[in-house]
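**Q**
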Amino acid sequence: MQRDQSEVGNMEVLLSKLGESLDDFLTFKHDDALQSRSHWLEKLDTDMPEKGIGAEAVVQLLCDEVIPFGSPVPKPGFTSFITSGAVSVSAVAQTAASIASPQRNLLSAFHTLEEVSLNWLRDLCGLPQDMKGIYSSGGSVANLVALGGARQAAFEKIGVDPAADGFKQSTRIYASDQAHHTIKRSAGVLGLGRNSVMAVVTDQQGRIDPVVLEQHIIRDLEQNYLPVAIVANAGTTNTGSIDNLELLGKIAKKYDIWYHVDGAYGLPGILDNRVKDLYKGLELCDSAIVDPHKWLGAPVGVAATFVRDRGILHRAFTQEPADYLEGSASTSDVRHSLDDFGVPYFDFGVELSSPPRGVILWAMLKEIGATGMAERIKRHNDLARLVASEARKHDHLELLQEPTLSICCFRYTDPDIADLDELNSMIHRQLIFENEYLPSTTQVAGSLAIRPCFIGARTLEQHATGLVEAVLRIGKTIVDQ
Ligand SMILES: *Cc1c(COP(=O)(O)O)cnc(C)c1O
């Protein structure tokens, strides 16, 4: 009998080979990938092979020529942007799903874990009990799905089904000038237009000004705009600020506007009792998102949207029943996993085929529990405070904003240097070249800030103290030159 040329088994051999190579990668003794770019470009950027080399040789190549030249994101000293490396069980769970349940729908154990873990995640993040979730690929899609629900709700109130029939009315989404730009893109995709997003000014701590927000709403209502949503930040991307969730929620209720909380990064911050009060008012939200692939240690590709009633997502995102889907499943006599698609996640968002993602959350929470997650969140919030306290203490450092969560914005200063932005930019370049401590930079109140964001499971106290020492050392060297 003729067999397929692809290896379709032998996982034990292939994965143990891979595991060895990944463990080696995780010692982080390798240089940055760009140091040897010509080497791997030559090996990898080749013509398409006419004949294959077989699975074991491919895994060998993966181990020798690809993995060692991977990304700095999982490094313990990496604190750039808001992204982190996967913890071990999350990567293993993802691999397991790719073989044992490629799709999230149909009644398998993996399908059950979607719902179980979404409910765990809701509880972990302090969201109301009546909320239900749906996974997607990231905060961008999660925001899109939430705002799709908001659009549906706003238009249904005026007797229009926007998803089915489209619309002509001008709309507004209220967000802050610190909101993630995916809010704008969501508005664009949803046909509201990126310019329908009103960037409300923020205070020194990066929080939306509620008085200004309410003025905008009143003016827009007079001009017949249809308000679609108020978007609050539970952890801005820039500095980790948390909007006054209670005040904004009350304004949303007062004007009967959908209240969305973008907690892609910061929602798990609620696990730290010292900042828990900042989340008061979260219970007023109509939708919220969180990215398990940020602080919780999932591989990139996992976000969740929560809403009160997934029916509204269904109306916003249904593809309408199809013969090749629902038509082929029997729901009257369910005796095989093929008989029922289960929860129709494919009609609550924008993905039909989708890997199960719940198993990833389930594995991470089973491994360390809510307590383990809370410990990580507290540790990282501590690290931001540690950097802040060093910055306050040291003559040559300046704290640019008090940390709310695990981001700390600071800079090197020297009375003899006129252009501190240029100096800090040079310090940052040198940090990156040294390849040990890898924060990013941002602007805070017009100044260039060095901005570590501590979220990686591998990131410990020495990576915060080491960063501060490195900034002081490099700053001094540059100034003394
Ligand atoms: C990271 C982030 C997003 C976007 O999420 P992705 O997973 O990168 O698509 C949206 N909002 C906030 C507040 C974020 O921090």
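Start counting the sequence shown at -1; every next residue gets the next number (the numbering used here).
No residue lacks a Cβ here, since even glycine has one placed at the ideal position from N, Cα and C.
Every value quoted in this text rests on a predicted model; they were computed, and no experiment measured them.
1. Are there any heavy atoms of ligand 1 lying less than 7 angstroms away from the beta-carbon of residue 175, as far as the coordinates show?
2. Per DSSP, residue 225 is paired with what?
3. Among 242, 360 and 250, whose alpha-carbon lies nearest the alpha-carbon of residue 216?
4. Pull up the DSSP beta-bridge partners for residue 303, would you.
5. Determine the DSSP secondary structure at residue 380, reduced to helix, strand or coil.
6. Looking at C-beta atoms only, is the number of pairs between the segment 382 to 398 and the segment 462 to 478 that lie closer than 8 angstroms three or more?
7. Which value, in whole angstroms, describes the spacing of the CA atoms of residue 63 and residue 402?
8. Return the CA-CA distance between residue 198 and residue 94, expressed in angstroms with no decimal places.
9. Roughly how many angstroms separate the alpha carbons of residue 193 and residue 110, rounded to a whole number?
10. Check whether the Cβ of residue 480 sits closer than 7 angstroms to any heavy atom of ligand 1, and report yes or no.
11. Among residues of its own chain, excluding the 5 on either side of residue 364, which ones have a beta-carbon nearer than 6 angstroms to its beta-carbon?
12. Could you check what DSSP says for residue 178 in three-state terms: helix, strand or coil?
13. Look up residue 337 in the DSSP assignment and say whether it is helix, strand or coil.
14. May I ask whether a heavy atom of ligand 1 can be found less than 7 angstroms away from the beta carbon of residue 263?
15. Which residues share a DSSP beta bridge with residue 407?
16. Taking 7 angstroms as the cut-off, is the C-beta of residue 141 nearer than that to any heavy atom in ligand 1?
17. Smallest Cα separation from residue 395: which of 408, 383 and 404?
18. Using CA coordinates, which residue listed in 227, 316 and 416 is at the minimum distance from residue 145?
19. Residue 91 and residue 358 - do their beta-carbons sit closer together than 8 angstroms?
20. Per DSSP, which residues does residue 256 bridge with? Please list them.
21. Would you call residue 271 buried or exposed, if buried means 16 or more other Cβ atoms sit within 10 Å of its Cβ?
22. Span of the alpha helix (DSSP H) holding residue 100?
23. Could you spell out the range, first to last residue, of the alpha helix (DSSP H) harbouring residue 216?
24. If you draw a straight line from the C-alpha of residue 50 to the C-alpha of residue 5, how long is it?
25. Can you grab the Cα-Cα spacing for the pair residue 10 / residue 297, in whole Å?
26. Return the Cβ separation of residue 80 and residue 376 in integer angstroms, given the expectation that the two are a contact with Cβ distance under 8 angstroms.
27. Between the alpha carbons of residue 254 and residue 141, how many angstroms are there, rounded?
28. Tell me whether residue 241 counts as near ligand 1, meaning its Cβ is closer than 7 angstroms to at least one heavy atom of that ligand.
29. Suppose only complete runs of 4+ residues qualify. What are the alpha helix (DSSP H) ranges in the segment 81 to 165, listed by chain order?
30. Leaving aside the five residues before and after residue 150 along the sequence, list all residues of the same chain whose C-beta is less than 7 angstroms from its C-beta, in chain order.
31. Which word fits residue 182, buried or exposed, when buried means at least 16 other C-beta atoms lie within 10 angstroms of its C-beta?
32. Whose C-beta lies closer than 8 angstroms to the C-beta of residue 219 among residues of the same chain, with five residues either side of it excluded?
33. Is it true that the CB of residue 137 sits closer than 8 angstroms to the CB of residue 240?
34. Among 284, 38 and 404, whose alpha-carbon lies nearest the alpha-carbon of residue 503?
35. When you compare the CB of residue 368 with every CB in chain B, is at least one pair closer than 8 angstroms?
36. Per the contact definition of three or more C-beta pairs closer than 8 angstroms, is the segment 413 to 420 in contact with the segment 437 to 447?
**A** Result, derived from the coordinates:
1. Result no, Cβ not under 7 angstroms from ligand 1.
2. Per DSSP, 170.
3. The candidate whose alpha carbon is nearest that of residue 216 is 250.
4. Note: residue 303 is bridge-paired with 132 and 287 in the DSSP secondary-structure output.
5. Helix, per DSSP.
6. The segment 382 to 398, when compared against the segment 462 to 478, does touch it at the 8 angstroms Cβ threshold.
7. For residue 63 and residue 402, the distance between alpha carbons rounds to 41 angstroms.
8. C-alpha separation (whole angstroms): 44 angstroms.
9. Each residue's Cα considered, the two are about 40 angstroms apart.
10. The structure shown does not extend to residue 480, since the chain is modelled only from -1 through 479, so no value can be given for it.
11. Excluding residues up to 5 positions away in sequence, nothing lies with its Cβ nearer than 6 angstroms to the Cβ of residue 364 in the same chain.
12. The three-state reading of DSSP puts residue 178 in coil, since its state is none of H, G, I, E or B.
13. Three-state result, residue 337: helix.
14. Answer for residue 263: yes, Cβ within range of ligand 1.
15. Residue 407 pairs with 399.
16. At least one heavy atom of ligand 1 falls within 7 angstroms of the beta-carbon of residue 141.
17. Looking at the Cα atoms, 408 is the closest of the given residues.
18. Comparing Cα-Cα distances from residue 145 to each of 227, 316 and 416, the minimum goes to 227.
19. For residue 358 and residue 91, yes; Cβs fall inside 8 angstroms.
20. Paired residues: 227.
21. So residue 271 counts as exposed.
22. Per DSSP, residue 100 belongs to no alpha helix (DSSP H) and is neither H nor E.
23. Looking at the DSSP string, the run of the alpha helix (DSSP H) that includes residue 216 is 208 to 220.
24. When rounded, the distance between both Cα atoms is 11 angstroms.
25. Approximately 22 angstroms, taken between the alpha carbons.
26. At roughly 18 angstroms, the Cβ-Cβ gap does not stay under 8 angstroms, so residue 80 and residue 376 are not in contact.
27. A straight line joining the alpha-carbon of residue 254 with that of residue 141 spans about 20 angstroms.
28. Not one heavy atom of ligand 1 is found less than 7 angstroms from the C-beta of residue 241.
29. Qualifying alpha helix (DSSP H) stretches, in chain order: 86 to 98, 107 to 122, 137 to 154 and 160 to 163.
30. Leaving aside the five residues that flank residue 150 on each side, the residues in its chain whose CB is nearer than 7 angstroms to its CB run, in chain order, 160, 161, 310, 313 and 314.
31. With 16 or more Cβ atoms within 10 Å of its Cβ, residue 182 is classed as buried.
32. Closer than 8 angstroms at the Cβ level, and outside the excluded window around residue 219, lie 225 and 253.
33. Judged by beta-carbon spacing, residue 137 lies beyond the 8 angstroms limit of residue 240, meaning their Cβ atoms are not closer than that value.
34. Outside the shown range of the chain, which is -1 to 479, sits residue 503, and nothing can be said about it.
35. No chain B is part of this structure, which consists of one protein chain only.
36. Flag = yes, the segment 437 to 447 and the segment 413 to 420 touch.
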